[in-house]
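*Asks:* Respectively, the protein sequence lines represent chains A and B. Under this note's numbering, read the first sequence as residues 18 to 427, first letter to last. Under this note's numbering, read the second sequence as residues 57 to 231, first letter to last.
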Amino acid sequence: MKKNKLSRRNFLSKTAITGLTGLLGTHIVFGEHLPKGYIPVGLINAEDQIPGKSEDLIVLNDKPWNAETPPHLLDPKITPADLFFVRNNGIPPEKVDLDSWTLTIEGESAKTKKVYSIKDLQSKFQVYSYNLVLECGGNGRSEFNPGAKGNQWTLGAVGCCKWTGVRLKDVLQDAGVRNDAVYIGYYGADTHLSGDRSKVVISRGVPIKKAMEEEALIAWKMNDEDIPAMNGFPLRLVFGGWPASTSGKWLNRIVIRNQVHDGPKMQGYSYRVPKYPVAPGTKVPEEDMKIIESMPVKSLITYPKTGAMVKGDRKFQVRGHAWAGDLEVDSVHISIDFGATWLKCNLTNPVNRLAWQHFKITIDLPEKGYYEIWAKATDSNGVSQPMVVPNWNPKGYLNNACHRIAVKRT
Amino acid sequence: MHATELLLKELEFMNDNNRVSKQQEEFVSKMMKTFDIWAIFFMLFFFFFFLYAFNFLPSFSTKGDNTASMELLVEENEDPNRIENGIHVRSGLIVGDGYELVLRHCGGCHSHKLVTQNSADAKGWTETIRWMQETQKLWDLGGNEAPIVAYLAKYYGLKQKNRRAPLKNIDWYEL
């Protein structure tokens, strides 16, 4: 469908600094210093642009913002902040005051209620950095049949950034965790779309065991910078390898629960799949649904971009990333013949647990024609990605089918 | 027309139809407040902006290439309910019986993109409406529910899909 409004790129192709002058109705002082591609804030159309994010993200929803990354832009080993996907359930807080922002730890299984400022967190606890994969539980939803409602994610609701903060377990232990603790739940400062300020947008969490992992962070930096506003500034949880909805954004409260946390989007069909395999379209009773924990093994081809035309028998590199929830990736194979034969790729170790791994292989194409390159990762339990869309579930989660790109030998 | 007036008209229209619910009233009054705040904000913004532009910049000028400026102005002055190729441009909704009801009832909280990217039969859309009513504060649609569901099922009905569809929308390029 044709976009009616001027896109940023379209806009830039039509104008230059002199044109901008006309638009603003004034001369731009120091206009010659404007970086190429930069649009003066006074001219940005709010509908066009997600604050702090690249124009190259694919916007699925603008109220609330939801946007994914085209796979070839995920090529860097660490996902750049402006390219990291956005999955918002509500409206992010508009004003954030770092000095007055607090994080409260409380709940039935907390020994004391404690309140920390961001400065307290930064000075009182040891600071750690990890590269952690965050993937939306609904990444790949668009392929399910019959379709599941919600944002129709294709491939790019995933990224691996460097996260810096304190270990969640250090903070929980500082407040004191009772022996009967089962789960932690988060609350954030985002507000409900209906405008009802009292309504909690989303409040999910993880079992206490996952919360106590060394890589479970309360983070304030992403790639050594402030976390982008859309990704949780100034404070968020990060649980690598689990549905990203467990990693609460705009974090201001954590509850230590003596039962499975029951906040909005923990129950019913949200972030749950059937306990047993079901036929597509089955109406599954609520009590037969279970909470998604670790995400399944998956990989993405980030180079070349789909649509590559290769001249003759020229060799070219195929590369990308692979990840496996709580596990490690054991191997990655690619196929250029629709899965009939597979070639083993070179695969790196993760820089730390729960970081994605990088694969590469150099290939050529045997004869003129159309090919698809498929990538298939296998985790440390020997479980591989399926070549077709995996088992259907009511809300369309966990599609880890092989990524496919189209290439031609000319 | 001022956004608030539009909303008031909308409210009258709903009153006429005797279908206004308390939630709708609350919602509209909240929206009106929001619009008024924005209107004041924009007025102040432009006031100070022009003050700045005229008084403090000796080189105030509109010389240069104004083509882009004209194009942008034209785009901004367009009718918000413009229809192009059977699509209501602002929302992206397909124009058909009932689309105005969808505009009115479904765009308050979320983007219409959430409608256009989804597909379901009448039963599926009805379930989605129930879910929004139970958990997301959607109001009772009354007599509008049937035409809304009929519109959604007709234009955003179940799609036939493969277990894996052919790759499409490929932009071929020389590697």
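All residues carry an ideal CB built from backbone N, CA and C; glycine is no exception.
Cβ of GLU201 (chain B) less than 8 angstroms from any chain A Cβ?
*Replies:* Chain A contact via Cβ: absent.
*Asks:* Considering Cα atoms alone, identify which of A:ILE380, A:TRP409, A:ALA341 and A:ILE422 is closest to PHE355 (chain A).
*Replies:* Looking at the Cα atoms, A:ILE422 is the closest of the given residues.
*Asks:* Candidates B:TYR229, B:TRP228 and B:ASP153: which alpha carbon is nearest ALA206 (chain B)'s?
*Replies:* Of B:TYR229, B:TRP228 and B:ASP153, the residue nearest in Cα terms is B:ASP153.
*Asks:* Return the chain-ordered list of same chain residues with a C-beta closer than 8 angstroms to the C-beta of ARG274 (chain A), the five sequence neighbours on each side being excluded.
*Replies:* The answer, listed in chain order, is GLY124, GLU125, SER126, ALA198, VAL199, TYR200, ILE201, GLY202 and GLY222.
*Asks:* Please identify, using Cβ separations under 7 angstroms, the residues of the region 161-195 of chain B that lie next to chain A, in order along the chain.
*Replies:* Under the 7 angstroms Cβ criterion, the region 161-195 of chain B contributes CYS165, HIS166, SER167, LYS169, LEU170, GLN173, ASN174, SER175, ALA176, THR184, GLN192 and LYS193.
*Asks:* For a test of the three-state rule: what should DSSP assign to VAL171 (chain B), helix, strand or coil?
*Replies:* Three-state result, VAL171 (chain B): helix.
*Asks:* Less than 8 angstroms separating the beta-carbons of THR319 (chain A) and ARG336 (chain A)?
*Replies:* In this structure, ARG336 (chain A) lies closer than 8 angstroms to THR319 (chain A) by Cβ.
*Asks:* Cβ of ASN416 (chain A) within 8 angstroms of Cβ of ASN156 (chain A)?
*Replies:* Result yes, Cβ atoms of ASN416 (chain A) and ASN156 (chain A) sit closer than 8 angstroms.
*Asks:* Looking at the ligand ZN, does it come within less than 7 angstroms of THR119 (chain A), judged from the CB to the closest heavy atom?
*Replies:* Here there are no bound small molecules, and the ligand ZN is not part of this structure.
*Asks:* Which one of A:TRP237, A:ILE225 and A:LYS425 has the shortest CA to CA distance from THR119 (chain A)?
*Replies:* Answer by Cα proximity: A:TRP237.
*Asks:* Can you give me the Cβ contacts of LEU113 (chain B) inside the same chain, cut-off strictly under 6 angstroms, excluding the 5 residues immediately before and after it?
*Replies:* Unreliable positioning characterises LEU113 (chain B) in this predicted model, as indicated by a pLDDT of 43, which lies under 50. A coordinate reading is not provided.
*Asks:* Using 8 angstroms for Cβ pairs, my map puts ALA228 (chain A) next to THR129 (chain A). What's the rounded Cβ distance?
*Replies:* That belief does not hold up - the Cβ atoms of ALA228 (chain A) and THR129 (chain A) are roughly 17 angstroms apart, past 8 angstroms.
*Asks:* Skipping 5 residues on each side, what residues in its chain have a beta carbon closer than 6 angstroms to that of ASP121 (chain B)?
*Replies:* Reliability of the predicted coordinates at ASP121 (chain B) is poor, the pLDDT of 42 falling under 50, and the value obtained from them is presented with this limitation in mind. Hits under 6 angstroms: none found.
*Asks:* Starting from the beta carbon of VAL327 (chain A), find every residue of chain B whose beta carbon is closer than 9 angstroms, and list them in chain order.
*Replies:* The answer, in chain order, is GLU230 and LEU231.
*Asks:* Less than 8 angstroms separating the beta-carbons of GLY148 (chain B) and HIS166 (chain B)?
*Replies:* Cβ atoms of GLY148 (chain B) and HIS166 (chain B): not closer than 8 angstroms.
*Asks:* By DSSP, does TRP187 (chain B) sit in helix, in strand, or in coil?
*Replies:* In this structure, TRP187 (chain B) counts as helix in the three-state DSSP scheme.
*Asks:* Is HIS420 (chain A) helix, strand or coil by DSSP?
*Replies:* Three-state result, HIS420 (chain A): strand.
*Asks:* Name, in chain order, the residues that DSSP records as bridge partners for CYS177 (chain A).
*Replies:* DSSP output for CYS177 (chain A) lists A:VAL150 as bridge partner(s).
*Asks:* Cβ atoms of LEU100 (chain A) and GLN169 (chain A): under 8 angstroms apart, would you say?
*Replies:* No, Cβ-Cβ distance for GLN169 (chain A) and LEU100 (chain A) is not below 8 angstroms.
*Asks:* Can you find at least 3 beta carbon pairs, one from the region 302-312 of chain A and one from the region 350-365 of chain A, that sit closer than 8 angstroms?
*Replies:* No, they do not touch.
*Asks:* How is ILE201 (chain A) classed by DSSP in three states: helix, strand or coil?
*Replies:* Reduced to three states, the DSSP call for ILE201 (chain A) is strand.
*Asks:* Would you say ARG421 (chain A) faces chain C, with C-beta separation under 8 angstroms as the test?
*Replies:* The question asks about chain C, but that chain is absent: this structure's protein chains are A and B.
*Asks:* Given a limit of 8 angstroms on CB to CB distance, which residues of the region 162-183 of chain A reach chain B?
*Replies:* Correct list: ASN162, PRO163, GLY164, LYS166, GLY167, ASN168 and GLN169.
*Asks:* Could you tell me which of B:SER175, B:GLU140 and B:GLN189 sits nearest to HIS161 (chain B), measuring between CA atoms?
*Replies:* Here the closest residue by C-alpha is B:GLN189.
*Asks:* Between which two residues does the beta strand (DSSP E) holding ALA84 (chain A) run?
*Replies:* Start and end: 82-85.
*Asks:* Using a Cβ-Cβ cutoff of less than 8 angstroms, which residues in the same chain neighbour LEU115 (chain A) once the five nearest sequence positions on both sides are dropped?
*Replies:* Counting only Cβ-Cβ distances below 8 angstroms, and skipping sequence neighbours, we find ILE135 and PRO251.
*Asks:* Please tell me whether ASN417 (chain A) has its Cβ less than 8 angstroms away from any Cβ of chain B.
*Replies:* No, its Cβ sits nowhere closer than 8 angstroms to a Cβ of chain B.
*Asks:* Using 10 angstroms around the beta-carbon of THR208 (chain A), count the other beta-carbons present and answer buried if the total reaches 16, otherwise exposed.
*Replies:* Per the 10 Å Cβ criterion, buried.
*Asks:* Can you name the start and end residues of the alpha helix (DSSP H) that GLU156 (chain B) belongs to?
*Replies:* Start and end: 155-162.
*Asks:* Where DSSP assigns a beta bridge to ARG138 (chain B), which residues make up the other side?
*Replies:* Answer is none; ARG138 (chain B) lacks a bridge partner.
*Asks:* May I have the straight-line CA-CA distance separating LEU223 (chain B) from TYR414 (chain A), to the nearest angstrom?
*Replies:* Answer to the nearest angstrom: the Cα atoms are 21 angstroms apart.
*Asks:* So with CB distances below 8 angstroms, who are the chain A contacts of ILE226 (chain B)?
*Replies:* The answer, in chain order, is THR323, GLY324 and ALA423.
*Asks:* Decide if SER264 (chain A) is buried, meaning its Cβ has at least 16 other Cβ atoms within 10 Å, or exposed.
*Replies:* Buried, since its Cβ has 16 or more Cβ neighbours within 10 Å.
*Asks:* Taking C-alpha atoms, which residue in A:LEU189, A:HIS89, A:ARG370 and A:GLU72 lies nearest to TRP259 (chain A)?
*Replies:* It is A:ARG370.
*Asks:* With DSSP as the reference, identify every bridge partner of PHE75 (chain A), one or two as the case may be.
*Replies:* In the sequence on display, residue 75 (chain A) carries Ile and not Phe. Beta-bridge pairing links ILE75 (chain A) to A:GLU85.
*Asks:* Got a sec: which bits of the region 77-97 of chain A sit with their beta carbon under 8 angstroms from any beta carbon on chain B, in order along the chain?
*Replies:* Result list: LEU77, ASN78, ASP79, LYS80 and PRO81.
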